[in-house]
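The structure under discussion appears below in the form of structure tokens.
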Amino acid sequence: MSKLEIKKYGDPVLRKKTTAVLEINADIKKLASNMLETMYLAKGVGLAAPQVGISLRLCVIDVDPNKKYPVVMINPEIISGENKVSAGEGCLSFPGVYENVERFGNVVAKYTDLNGKQCEVKAQDLLAKAMQHEIDHLDGKLFIDYLC
Ligand code: ZN
């Protein structure tokens, strides 16, 4: 595994809409593994491929305090959400910025895992928030877009 460079706000790749992952090959598996390592080293709970300069629909999340539950989401989508809540939020592409953002407290999301299996998950609280934040990245959307 190797650590990747995290792109900071201002890099155009963060605003680009990503393209779907068509085949889960060795390159994608290596990317996911490097993204997880990069996220853990940066003490983040989520990282999206555009944040390491790769415009593909893939993100990684681990909201477990012991970092034992990594989730690799390929071509993820939020299917539904409810129960809007406002909570503090940061982003590895915005060092030092932490702002309140309103998001769904409960979501249903679907994605493909690294084995090519179609998954549908119900998430709440921090996991739900992380999924919305990371999937936004895949659409070129950033958390500061919610601030007014
Ligand atoms: Zn982010």
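Residue 935 is where the sequence shown starts when you use my numbering, and the numbers rise one by one after that. From the three backbone atoms N, C-alpha and C, an ideal C-beta is built for every residue, glycine too.
Check: residue i C-beta below 7 Å from any heavy atom of the ligand ZN
i       : result
Leu913  : No statement about residue 913 is possible, as the shown extent of the chain runs from 935 to 1082 and does not include it.
Phe1077 : yes
Run of the alpha helix (DSSP H) containing residue i, from where it starts to where it stops
i       : result
Thr1046 : Here Thr1046 belongs to no alpha helix (DSSP H); instead the beta strand (DSSP E) covers 1032 to 1046.
Ala1062 : 1059 to 1072
Ala960  : 960 to 975
Residue i versus residue j - alpha carbon distance
i       : j       : result
Ser989  : Asn1017 : 31 Å
Ala954  : Gly1030 : 31 Å
Ile1013 : Leu1061 : 15 Å
Ile995  : Lys941  : 17 Å
Lys1056 : Thr972  : 26 Å
Per-residue burial, residue i [other beta carbons within 10 Å of its own, 16 or more giving buried]
i       : result
Glu1121 : Shown here, the chain extends from 935 to 1082; a query on residue 1121 therefore has no answer.
Leu1072 : buried
Glu1033 : exposed
Gly980  : buried
Gln1058 : exposed
Glu1068 : buried
Any C-beta of chain C under 8 Å from that of residue i
i       : result
Leu1048 : Absent here is chain C; the protein component of the structure consists of one chain.
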